[in-house]
Structure formats: structure tokens, C-alpha cells
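**Q**
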Amino acid sequence: MVRKVLPDIVFGQNVFELSADSTVQEAVRVMAEQNVHSVLVTYDGNLTGIFTSTDLVLKVVAVGLEPNITALGEVMTRDPETVSPGFNAIEALHRMHDGHFRHLPVVENGKIVGILSRRDFLDYEVEELEHQEKLWETI
Numbered sequence: 035m036v037r038k039v040l041p042d043i044v045f046g047q048n049v050f051e052l053s054a055d056s057t058v059q060e061a062v063r064v065m066a067e068q069n070v071h072s073v074l075v076t077y078d079g080n081l082t083g084i085f086t087s088t089d090l091v092l093k094v095v096a097v098g099l100e101p102n103i104t105a106l107g108e109v110m111t112r113d114p115e116t117v118s119p120g121f122n123a124i125e126a127l128h129r130m131h132d133g134h135f136r137h138l139p140v141v142e143n144g145k146i147v148g149i150l151s152r153r154d155f156l157d158y159e160v161e162e163l164e165h166q167e168k169l170w171e172t173i
């Protein structure tokens with residue numbers, strides 16, 4: 035996985051975006067329907083924030099806000115850290131680990147090209163292990 039570059043991981047990925055004036059309820063609906071744990075918050079196609087399941091728990095539920103009237107702009111993580119597609123997978127994973135976050139947007143020339151999650155790395159590792167197992171079976 036050391037040489038794996040981010041486009042290999044995020045290629046063909048669906049990225050879910052909402053505006054800052056969308057409600058938390060709308061975001062949670064998208065997250066549930068798409069089986070994801072984050073949505074990106076954008077303005078004119080530019081990343082302004084990220085809303086995650088952790089934000090839902092800590093910034094909405096724990097403080098008693100109402101999801102149907104709370105705007106994402108009030109509770110999103112503003113200006114999240116990002117990486118460019120040129121990062122390799124290990125560098126991105128280190129950045130996520132060091133920053134204590136599970137989602138990392140991939141941005142190129144100001145435009146969103148994907149989002150990494152720790153789950154992406156786990157999925158890739160499972161694929162690699164299965165590939166290695168097949169190689170061993172041929173020996």
C-alpha cells in the first residue's frame with residue numbers, strides 16, 4: 035500500500051455535497067441512504083466544511099439541537115484539512131491519524147475529487163490480502 039496513490043482509491047467514488055443552509059436532518063438522510071458517515075459542505079463547488087457522524091453526536095444530539103431546523107453551517111467542521119491527489123496513501127493515512135479524523139477530502143485546484151475514509155484503507159487492505167493469498171496458492 036505504500037506506493038498506492040489517492041486517485042487509485044477515490045476513482046469513481048460518489049461524493050455527497052450539501053450547502054451550509056441545508057439542515058442536519060437533510061444531511062443525516064443522505065448519510066443514511068448512501069451508507070456514508072460524512073457529507074461535504076460546499077459553496078459554488080468549493081469546499082467550506084464537512085459534516086460527520088461525530089459532528090452529529092457531539093454538536094447536535096449532545097447539546098439538544100433540533101436536526102430539522104439546525105443548519106449544517108452551524109455545526110459543520112469548517113475548512114477541513116485536505117490533501118491533493120498527489121499524496122500517496124500512507125501520507126494521507128498518517129495525516130488522518132495525526133489529526134484524529136476519519137474523513138479526509140481530496141481536492142485538486144480547488145475542486146473536490148473525492149473523500150478518503152479509514153474504511154477505504156481497510157477495504158484496500160482486504161483486497162491486497164486476498165490478492166496475496168491467491169498468489170501464495172499458485173506457488
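Just so you know, we're using the numbering used here here: the sequence shown kicks off at 35 and counts up by one.
Backbone N, C-alpha and C define an ideal beta-carbon position, used for all residues, glycine too.
The structure presented is a predicted model; accordingly, all values stated were derived computationally and were not measured.
Check the C-beta distance from residue 68 over to residue 101 and give it rounded, since I have them as a contact under 8 Å.
**A** That belief does not hold up - the Cβ atoms of residue 68 and residue 101 are roughly 17 Å apart, past 8 Å.
**Q** Would you please state the rounded distance, in angstroms, between the beta carbons of residue 25 and residue 104? I believe it to be under 8 Å.
**A** The first residue shown for the chain is 35 and the last is 173, placing residue 25 beyond what the model contains.
**Q** What's the call for residue 134, buried or exposed, on a 16-neighbour Cβ count within 10 Å?
**A** Looking at its Cβ environment, which holds fewer than 16 other Cβ atoms inside 10 Å, residue 134 is exposed.
**Q** By a C-beta neighbour count over all protein chains shown, 10 Å radius and 16 as the cutoff for buried, is residue 169 buried or exposed?
**A** Result: exposed.
**Q** Which whole-angstrom value is the C-beta distance of residue 119 and residue 142, which I expect to be below 8 Å?
**A** Contact holds; Cβ gap of about 5 Å.
**Q** Taking the alpha carbon of residue 82 as the point to measure from, which residue in 167, 94 and 139 has its own alpha carbon closest?
**A** Considering only alpha carbons, the answer is 139.
**Q** Since residue 66 contacts residue 106 with CB under 8 Å, what's their CB separation in whole angstroms?
**A** At roughly 15 Å, the Cβ-Cβ gap does not stay under 8 Å, so residue 66 and residue 106 are not in contact.
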